[in-house]
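Asker: Residue numbers (the working numbering), protein chains in the order written: chain H, -1 to 337; chain U, -14 to 173. Glycine included, every Cβ here is placed at the ideal spot set by N, Cα and C. Source: prediction; values computed, not measured. Take this structure, written in structure tokens, and hold onto it; I'll ask about it next.
Below you can see the structure in the form of structure tokens.
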């Protein structure tokens, strides 16, 4: 099945039928629950706001009568912050069960629709050790979170992917000497792992190429001096591929064994299809792809109706993109010794 | 005094640059040879499998007997060849008959289904991919070397020290593709 045929399978008729028959009943029930929650959240919001204002006014008035005007402002701020915290806690508890139920009933179903051989685990994720083992993002994260794990076998290819959000922390002291923590995202999006269809032993990393695009040959020279990366720069023949990606590997020949002319073309095709930044690596006969997203995927939006079909189509599109990697990169082509 | 030191410094820097350029040329030339060795290893693996292939298909392929003999003869020639150019030449010659044999396996259902045959085809395909990869790596290293020989300023030194361009390892006109074994699925 060509990749194009594959994505047509997930749009139009077959999904519409599935939507009507299997998903809609779940969505209706969840929509009811959502409306209730919106009601409660709004009430809680008003209550918290009211509490904050009252507490602030009371606080200011109290300290004023004590004769200290300025600290009153701090008490007011403190009251507002307290109100905010109370609201956040209430919000969390009110929506938690809803999100879990939504994921289990809706996302779980969509996953099974896409491929019955796949299983969905909302709390699961790709392990940090595996993420680090891919060598794509060598920075050790200070915070690593993941969810929405999907795993199974598509044809002959075992796959596993989840949302991953890894961050590192910087600490700075501002002019008043206060310590401030800043969190920076290393990677956020879908981290995908598949069994590759050739045996190989080493490591090859394919990264988005900024330098070559901007600086041409000089950029290439700079890249070959990149000591942060283990391995040598590999210069490949496909011009479009070279434009978009830079490749480092510990073996020049093995890198080309993996990145055949046709695989390079397919990777470019997938990059075009995906519209997101992608990083790839090949380590010990496995393929790792990190697809960057700005948003949190597969989450129900509280203030948007669940009955809007576009919502489901968005989930389907995000899921399909990952699942179709197997077809797009022809990973089920097993004409060599690896089965 | 200072003029003398300045002249000495300039000469020293000039020598240093010469040394760097020379080493760069040597390094790149050695790289070419080293990668060719890898190509050679893969080619030899393929040549070693040819007797197995011939033995396996001989019983079935009465019509292709000439082809099998040609393949065996080429293999002997391949093992004897020494220079890079000869090896490249033999590789080009052997590609077509080998591919033809593998394609005609499709015409013999018993042979096609034979587990040993399937395994051999998988191995041969893998070797072809490896050869292709090694060849590409070789061409990349030849490009780097030729660039140093041709481009300014290393070309001056190259001319003086007799560094000459190397040939690329060109693909035979019969374009090489790993042969598909099963069910009409497209090769890579």
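In chain order, what are the residue ranges of uninterrupted beta strand (DSSP E) at least 3 long that sit wholly in the stretch 120 to 182 of chain H?
Answerer: As far as the stretch 120 to 182 of chain H is concerned, its whole beta strand (DSSP E) runs of at least 3 residues are 141 to 152 and 155 to 171.
Asker: Starting from residue 235/H, find everything on chain U with Cβ-Cβ shorter than 9 Å and list it in chain order.
Answerer: Within 9 Å Cβ-Cβ: 121, 124 and 125.
Asker: Which class does residue 199/H belong to by DSSP, given the choice of helix, strand or coil?
Answerer: Three-state DSSP puts residue 199/H in coil, outside helix and strand.
Asker: Run the proximity test for residue 42/U: is its beta-carbon closer than 6 Å to any non-hydrogen atom belonging to the ligand SAM?
Answerer: Among the components of this structure there are no ligands whatsoever, and the ligand SAM is therefore not found.
Asker: Report buried or exposed for residue 160/H, applying the criterion of at least 16 other Cβ atoms within 10 angstroms of its Cβ.
Answerer: Per the 10 Å Cβ criterion, buried.
Asker: Going by beta-carbon coordinates alone, are residue 154/U and residue 73/U separated by less than 7 Å?
Answerer: In this structure, residue 73/U lies closer than 7 Å to residue 154/U by Cβ.
Asker: How long is the line joining the alpha carbons of residue 44/H and residue 320/H, rounded to whole angstroms?
Answerer: Those two C-alpha atoms are separated by around 41 Å.
Asker: To the nearest angstrom, how far is the alpha carbon of residue 34/U from that of residue 102/U?
Answerer: Between residue 34/U and residue 102/U, the C-alpha separation is close to 12 Å.
Asker: Applying a beta-carbon distance threshold of less than 7 Å, which residues of chain H neighbour residue 175/U?
Answerer: Outside the shown range of chain U, which is -14 to 173, sits residue 175/U, and nothing can be said about it.
Asker: Excluding the 5 residues preceding and the 5 following residue 82/U in the sequence, name in chain order all residues of the same chain whose CB lies nearer than 6 Å to its CB.
Answerer: Hits under 6 Å: 52, 55 and 56.
Asker: Since residue 245/H sits in a beta bridge, which residues does DSSP pair it with?
Answerer: Its beta-bridge partners are 204/H and 232/H.
Asker: Buried or exposed: where does residue 65/U fall if 16 or more other Cβ atoms within 10 Å of its Cβ makes it buried?
Answerer: Burial call: exposed.
Asker: Apart from the five residues just before and just after residue 236/H, which ones in its own chain have a Cβ nearer than 7 Å to its Cβ?
Answerer: The residues are 259, 262 and 263.
Asker: 7 Å is my cut-off, CB to CB: does residue 354/H come that close to chain U?
Answerer: This structure gives no information on residue 354/H, because the portion of chain H shown stretches from -1 to 337.
Asker: I want to know whether the stretch 150 to 159 of chain H touches the stretch 177 to 193 of chain H - three or more CB-CB distances under 8 Å.
Answerer: Contact holds: three or more Cβ-Cβ distances are below 8 Å.
Asker: Identify whether residue 2/H lies in helix, strand or coil by the three-state DSSP scheme.
Answerer: Model confidence at residue 2/H stands at a pLDDT of 39, short of 50, so the residue's coordinates are unreliable; what they give is reported in the following sentence. Residue state, collapsed to three classes: helix.
Asker: Cutting at 7 Å between CB atoms, please list the residues of its own chain near residue 324/H, excluding the five before and the five after it.
Answerer: The answer, listed in chain order, is 152, 153, 155, 157, 192 and 330.
Asker: On the DSSP bridge list, what partners appear for residue 284/H?
Answerer: According to DSSP, which records beta bridges pairwise, residue 284/H is partnered with 193/H and 281/H.
Asker: According to DSSP, which residues form a beta bridge with residue 64/H?
Answerer: Residue 64/H is not bridged to any residue.
Asker: Quick one: residues in its chain with C-beta nearer than 7 Å to the C-beta of residue 109/H, no 5 flanking neighbours on either side, listed in chain order?
Answerer: Result list for residue 109/H: 116, 118, 148 and 317, in chain order.
Asker: Thinking C-alpha only, which one of 19/H, 333/H, 48/H and 255/H is nearest residue 121/U?
Answerer: Selected option, being the one with the closest Cα: 255/H.
Asker: From residue 63/H to residue 50/H, what distance separates their C-alpha atoms?
Answerer: Spanning the two alpha carbons is a distance of roughly 20 Å.
Asker: Roughly how far, in whole angstroms, is the beta-carbon of residue 268/H from the beta-carbon of residue 327/H, given that I think they are within contact range, below 8 Å?
Answerer: At roughly 7 Å, the Cβ-Cβ gap stays under 8 Å, so residue 268/H and residue 327/H are in contact.
Asker: Consult DSSP for residue 332/H and reduce its assignment to one of helix, strand or coil.
Answerer: In the structure shown, residue 332/H sits in coil (DSSP, three-state: anything other than H, G, I, E or B).
Asker: Please list the terminal residues of the continuous alpha helix (DSSP H) segment that includes residue 135/U.
Answerer: It spans 100 to 135 - the alpha helix (DSSP H) in which residue 135/U sits, taken as one unbroken run.
Asker: For the alpha helix (DSSP H) containing residue 23/U, name the first residue and the last one.
Answerer: First-last of the alpha helix (DSSP H) with residue 23/U: -13 to 43.
Asker: Does DSSP put residue 152/U in a helix, in a strand, or in coil?
Answerer: The answer is coil: DSSP assigns residue 152/U none of H, G, I, E or B.
Asker: What does residue 185/H pair with, by DSSP beta-bridge criteria?
Answerer: Answer is 164/H, bridged to residue 185/H.
Asker: Spatial neighbours of residue 18/H within its chain, please: C-beta separation below 8 Å, excluding the five flanking residues on both sides.
Answerer: Around residue 18/H: no qualifying Cβ.
Asker: Can you tell me which of 198/H, 322/H and 168/H puts its alpha carbon nearest to the alpha carbon of residue 138/H?
Answerer: Among 198/H, 322/H and 168/H, the Cα nearest to that of residue 138/H belongs to 168/H.
Asker: Compare the Cα-Cα distances from residue 21/H to each of 90/H, 52/H and 103/H and report the closest residue.
Answerer: It is 103/H whose Cα lies nearest to the Cα of residue 21/H.
Asker: Taking C-beta to C-beta, are residue 79/U and residue 59/U nearer than 7 Å?
Answerer: Going by C-beta atoms, residue 79/U is nearer than 7 Å to residue 59/U.
Asker: Identify the contact partners of residue 258/H in chain U, using a Cβ-Cβ distance below 8 Å as the criterion.
Answerer: Neighbours of residue 258/H on chain U, chain order: 114, 117, 118 and 173.
Asker: What does the alpha-carbon distance come out to for the pair residue 133/U and residue 150/U?
Answerer: Answer to the nearest angstrom: the Cα atoms are 9 Å apart.
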